[in-house]
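The structure under discussion appears below in the form of structure tokens.
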Amino acid sequence: MRPGLVVVDKPGGMTSHDVVSRVRRLVGTRKVGHAGTLDPMATGVLVLGVDRATRLLGHLMLTDKGYAATVRLGVATTTDDAEGEVVSTSSAAGLDEETVRSVLGEFVGELQQVPTAVSAIKVDGKRAYQRVRDGEQVELQARAVTVHELHVHDVRHLGDVVDADISLRCSSGTYVRAVARDAGARLGVGGHLTALRRTAVGPYDLEAARTLEQLAEDVEAGGGVLPIADAARAAFPARDLDERAAADVRVGRSLEVELAGTTAVFAPTGEFLALYEPRGPVARPVAVFV
Numbered sequence: 010m011r012p013g014l015v016v017v018d019k020p021g022g023m024t025s026h027d028v029v030s031r032v033r034r035l036v037g038t039r040k041v042g043h044a045g046t047l048d049p050m051a052t053g054v055l056v057l058g059v060d061r062a063t064r065l066l067g068h069l070m071l072t073d074k075g076y077a078a079t080v081r082l083g084v085a086t087t088t089d090d091a092e093g094e095v096v097s098t099s100s101a102a103g104l105d106e107e108t109v110r111s112v113l114g115e116f117v118g119e120l121q122q123v124p125t126a127v128s129a130i131k132v133d134g135k136r137a138y139q140r141v142r143d144g145e146q147v148e149l150q151a152r153a154v155t156v157h158e159l160h161v162h163d164v165r166h167l168g169d170v171v172d173a174d175i176s177l178r179c180s181s182g183t184y185v186r187a188v189a190r191d192a193g194a195r196l197g198v199g200g201h202l203t204a205l206r207r208t209a210v211g212p213y214d215l216e217a218a219r220t221l222e223q224l225a226e227d228v229e230a231g232g233g234v235l236p237i238a239d240a241a242r243a244a245f246p247a248r249d250l251d252e253r254a255a256a257d258v259r260v261g262r263s264l265e266v267e268l269a270g271t272t273a274v275f276a277p278t279g280e281f282l283a284l285y286e287p288r289g290p291v292a293r294p295v296a297v298f299v
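Following this line, the structure appears as structure tokens:
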């Protein structure tokens, strides 16, 4: 199987590792990894790398992401989503739509966000979610994240709870569950997520994503994997080199070129060679793929 990316529309109920295992069987190699975990409850865009393209994943994880979600106000849970145990309830029936929209709209811009306790963040070498499962009290430090935009599409009163459908575009490392939790706390009623769908990872969106069933059909027909060169051009600014510069890249030498940021560089044949970044007056390799 040629190296490249696979963009999966992950179904609910599967872990990201479950999807990786399924794709390994489909493409016939164990060298498959994913860029950014999705909770079992969550659905949507999961980007996987095959063979050498797994080395692209760490760089793709740093790109912005898009989500659609439903926030339930009036109930707080241990996990800040519907899979956790309820820790408190408070009637949200008295909240008017304008207030809900206004408070959710405050979660835009540069934020200091405390990740959810059951995240994959390591605390003294151990995942936070594992510490919680082991009965430990976990307190994570606030981190700087950016929510570029957040739209409230619908607000529904359902007895003592209020559901709000939102979409947002945010920096890597942002927890949408934490947005629900913090909005609920700010409104004084608690909050959690009842649904989460990732709509984009960098340039890869739901339009590019395939269900596992569709992917199986694509692979059987000889497709399904976005070639590594196409994946690199889609995700990063591109620079086409002459043969002399390409030869320098193949041995990891610096290039006397001006780059605006991390850039994918290509041989005259169109072969993807490496990612380079500006370092003073020259560009140096971040990762060489040949």
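Under this note's numbering, the first residue of the sequence shown carries the number 10, and numbering increases by one thereafter.
No residue lacks a Cβ here, since even glycine has one placed at the ideal position from N, Cα and C.
Give me whichever residues DSSP pairs with residue i in a beta bridge.
i: D249; result: F275
i: S97; result: A85
i: S25; result: According to DSSP, which records beta bridges pairwise, S25 is partnered with nothing at all.
i: I175; result: A78 and V161
i: V291; result: R288
i: E119; result: T155
i: T52; result: R206
Evaluate residue i with the Cβ neighbour count: other Cβ atoms within 10 Å of its Cβ, from every protein chain shown; 16 or more gives buried, anything less gives exposed.
i: D48; result: buried
i: A273; result: buried
i: D249; result: exposed
i: L167; result: exposed
i: Q122; result: buried
Closer than 6 Å by C-beta to residue i: which residues in its own chain qualify, once you throw out the five before and the five after it? Chain order, please.
i: A300; result: Summary: the structure shown does not reach residue 300, with the chain confined to residues 10 through 299, and so no result is reported for it.
i: A102; result: D169
i: P246; result: T272
i: G182; result: V154
i: V266; result: A292
i: P287; result: L268
i: L65; result: G58
Is the beta carbon of residue j closer than 8 Å to that of residue i?
i: T86; j: V95; result: yes
i: D90; j: H201; result: yes
i: V36; j: V228; result: yes
i: V117; j: V54; result: no
i: V164; j: V109; result: yes
i: R178; j: A51; result: no
i: Y76; j: V185; result: yes
Please list, in chain order, all residues of the same chain as residue i whose beta carbon is under 7 Å from its beta carbon, the five residues on each side excluded.
i: L13; result: The question names Leu, but residue 13 is Gly in the sequence shown. Once the five neighbours on either side are set aside, the close Cβ partners of G13 are V59, A62, V234, L235, P236, I237 and A240.
i: Y285; result: L264, L268, T272, V274, A292, R293, P294 and V295
i: G22; result: P49
Give the DSSP-derived three-state secondary structure of residue i in the structure shown.
i: R195; result: helix
i: A220; result: The sequence shown places Thr at residue 220, rather than the Ala named in the question. T220 falls in the coil class under three-state DSSP.
i: L215; result: coil
i: R259; result: helix
i: R61; result: helix
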